[in-house]
Structures are given as C-alpha cells and as structure tokens.
Amino acid sequence: MSDTTINNTSGVSAFIESLNKKKETEKLTATLGADGLTSTNFDEILKNRETATNKDGEKLFTSDTTLGKDDFLMLLTTQLRYQDPMEPMKNEDFAAQMAQFSSLEGINNVEKAINGLDDSFHQSLTIQQESADALKNSTESIAGALNSQATANLAINNALTASLIGKDVRVQVNQVAMGVNQSGRIADKRFFFTTDTPANDVKIAIKDASGNTVRTLSTESISQNTAFKAVDGYSVVWDGKNDKGEYIKTGQYSVEMTAKNGSTPVKGYLFEQGTVGGIDFTASGVQLQVKSENYDWNPGDPVANQFYATQLPISAILAVREHADASAI
C-alpha cells in the first residue's frame with residue numbers, strides 16, 4: 265500500500281472518529297441521490313468534511329458543497345473497515361446503499377445520454393436551418409431569373425402586339441346590342457359567322473334577357489349566296505323583328521349558333537371583325553382599339569355611322585388577317 269493510500273485511510277479514519285465524538289453515539293445515515301449524498305446531519309458532515317485532512321495536512325475532499333459518488337464510496341469503504349465488529353452494518357443497509365449507488369450511476373449515464381441527444385438535436389437544427397437558408401437563397405435566385413425572363417417575354421409580347429396595328433382581328437360574339445336607326449325604328453343587324461366545314465343548316469337563335477327565343481334565323485354556309493368576302497366568312501341580316509313579325513325593343517340580346525350538314529353537327533361561331541387602330545397597355549392587360557365598318561351603311565346615312573369603334577382585350581382575339589377592302593365584297 266502506498267503512502268498516499270495510508271495517509272488517506274488515516275485521515276478518513278480520523279474523520280469518522282470525529283463524527284462519533286459526541287455525547288451520545290450517533291449513527292451516520294446518508295442517502296445517495298442524483299444531487300449527491302444527503303443526510304439528516306448533513307450540515308455537520310459538510311463542516312467536518314471541509315476540514316478533514318490526512319496526517320500530512322492535505323485535504324481529503326474537494327471543496328464542492330455536495331458529496332459525490334467518489335466521496336460516497338470512500339465513506340462507505342472506510343465505515344466498513346472501521347465498523348464495530350460487535351455491531352456490524354446490516355446486509356440490508358449495505359445492499360440498499362449499493363443499490364442507491366447503482367441508481368446514481370444509471371442516472372448519471374442517462375443524463376449523459378440525454379445531453380448527447382440534446383447536442384445531436386441542436387446540430388440537427390443547425391443543419392436544417394442551413395438547408396432552409398440554402399433553399400431560400402436558391403428560391404430567390406430562381407424567382408429572380410423567372411422575373412427577368414417574364415420581363416423579357418413581356419417586352420417581346422409587346423413588340424409582337426404592336427405588329428397588329430393595321431390588321432383585321434376577329435372576336436367571337438355571343439351578345440348584340442339593338443338600337444334604332446335614323447327613322448326611329450329598330451335598326452337591322454348583320455351577323456357574321458363561319459363554320460369549320462360547309463353546313464347546309466345553320467340556325468342563329470336570338471334570346472331576350474329572360475332567355476326566351478324571340479327570333480331564329482336560318483341560313484347556310486355551303487354556297488356562295490351567304491359568303492361575305494370582306495370578312496372571309498358568311499353573313500345573314502336580322503331585320504330586328506321577332507318571329508311574329510313585330511319589332512323588338514332596344515337593348516341587349518344573346519345570340520347562339522348551331523350548324524350541321526345533313527344530320528352531322530358542324531362546329532362554327534358568330535364573330536365581329538375590325539381593324540386594329542391602336543393598342544393600350546393597361547394594368548388589366550393589353551387592350552386593342554378596333555374600328556369596324558358598317559357594311560350596311562348607305563351614302564345618305566350620317567358619316568359617323570359608317571364605322572364604329574370597340575375596345576377589346578387581346579385575349580378575346582380568335583384570328584388575325586390582313587385588312588380587307590369593302591370593295592372586295
């Protein structure tokens with residue numbers, strides 16, 4: 265046994281004896297928990313512990329304010345070594361104290377494991393945050409590239425849209441406004457239509473605001489009788505009367521076209537056509553200023569009635585054609 269071991273044993277022995285130097289014998293009772301060793305006479309133990317030294321004057325314990333597992337083992341082994349042979353420690357007490365020590369070891373290991381998990385969790389959070397930052401930066405870069413592309417596309421689209429000026433554009437029609445002419449009666453209305461393939465039975469139903477059919481026009485697109493070259497399509501004129509031969513009231517009417525050739529349905533639509541005279545780039549989109557010709561205008565009618573202007577969104581355009589002269593009818 266080394267001198268250090270002898271000195272420590274001698275000092276601990278003196279420490280144990282100092283605890284027993286009381287008027288009445290007091291048994292040291294202690295419990296080892298997660299916070300260290302606790303006792304009913306804990307204050308006195310700490311006081312003696314702070315001053316306990318070996319024969320060389322060296323302190324036996326650290327200056328901690330709690331007793332750790334090393335202190336517990338030293339006290340336990342020293343107590344066993346110097347216990348009263350006539351009244352030794354009971355096996356139950358020894359087993360209980362060892363069980364407490366084992367529990368503390370387990371608690372310490374669990375604490376270390378939890379601390380390790382905590383560190384891993386924080387590392388994981390750091391990695392996730394770095395990944396989120398990288399994704400955000402990447403998203404911002406993509407958004408910037410898309411915005412640049414969108415700006416470039418807008419410039420190209422605007423340039424292409426400008427090329428529509430002077431061209432004839434076609435817009436599908438599903439409503440018509442009926443007004444009066446110079447004589448004060450309902451003015452005639454010319455409908456333009458087209459079909460994907462020739463149709464010998466074309467019906468145009470005109471309905472009022474309540475959805476009631478007031479007039480049905482019958483025509484065809486299989487011969488040149490209804491062809492209207494100025495708009496590269498076909499046309500039929502409504503005299504403004506209902507099926508009873510009475511003039512209708514002014515206002516908005518809905519129109520619907522169906523076509524077939526024999527018993528085979530044929531696709532087609534009603535349309536208006538005019539020349540693009542100007543373009544407005546607005547917050548709601550590109551608007552075209554379209555001037556349409558009144559092909560039923562007569563030299564005796566007011567000059568203002570020869571043409572009429574309409575503002576149309578570019579999204580409503582169905583077709584674009586070179587401007588056709590009315591003389592080509």
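Our numbering puts the first residue of the sequence shown at 265, with every later residue one more than the last. Glycine included, C-beta positions come from ideal geometry on N, C-alpha and C.
Item                                                                                                                                                                     : Value
CB Gly564 to CB Gln553, shorter than 7 Å?                                                                                                                                : no
Does the Cβ of Ile468 have 16 or more other Cβ atoms within 10 Å, making it buried, or fewer, making it exposed?                                                         : buried
Going along the chain, which residues of its own chain have a beta-carbon closer than 6 Å to the beta-carbon of Ala573, five neighbours each way excluded?               : Lys555
Tell me whether Asp432 is buried or exposed, calling it buried when 16 or more other Cβ atoms sit within 10 Å of its Cβ.                                                 : buried
Can you tell which of Thr342, Met362, Asn373, Arg434 has its C-alpha closest to the C-alpha of Val495?                                                                   : Arg434
Enumerate in chain order the residues of its own chain whose CB-to-CB distance from Leu428 is below 6 Å, with the five nearest sequence positions on each side excluded. : Val540
For a test of the three-state rule: what should DSSP assign to Leu481, helix, strand or coil?                                                                            : strand
Rounded to the nearest angstrom, what separates Lys437 and Ala398 at their Cα positions?                                                                                 : The displayed chain sequence assigns Val, not Lys, to residue 437. Answer to the nearest angstrom: the Cα atoms are 52 Å apart.
Tell me, to the nearest whole angstrom, how far the beta carbon of Tyr559 is from that of Arg454; I am working on the premise that it is less than 8 Å.                  : 6 Å
Give me the DSSP bridge partner(s) of Ser436.                                                                                                                            : Ser is not the amino acid found at residue 436; the sequence shown has Gln there. Gln436 pairs with Phe535.
Does the beta-carbon of Ala426 have 16 or more other beta-carbons within 10 angstroms, so that it is buried, or is it exposed?                                           : exposed
From what residue to what residue does the beta strand (DSSP E) around Asp465 run?                                                                                       : 465 to 471
Which residue's Cα is closest to the Cα of Ala441: Ala583, Glu536, Glu356?                                                                                               : Glu536
Kindly indicate which three-state DSSP category Thr461 falls into: helix, strand or coil?                                                                                : coil
Could you tell me whether the region 456 to 468 touches the region 505 to 518, where touching means 3 or more Cβ pairs closer than 8 Å?                                  : no
Hey, how far is the Cα of Gln575 from the Cα of Asn569?                                                                                                                  : 17 Å
Assuming Pro577 and Gly538 make a contact with CB atoms under 8 Å, what is their CB distance in whole Å?                                                                 : Incorrect: roughly 14 Å between the Cβ atoms, too far for contact.
How about Val600 and Ile512: are their beta carbons less than 7 Å apart?                                                                                                 : No answer is possible for residue 600: the residues shown for the chain start at 265 and end at 593.
In or out: Ser527 buried (at least 16 other Cβ within 10 Å) or exposed?                                                                                                  : exposed
Classify Gln553 as helix, strand or coil using the three-state DSSP reduction.                                                                                           : strand
Just to confirm, is the Cβ distance from Gly408 to Thr514 under 7 Å?                                                                                                     : no
At which residues does the beta strand (DSSP E) containing Met350 begin and terminate?                                                                                   : Run containing Met350: none; DSSP gives neither H nor E here.
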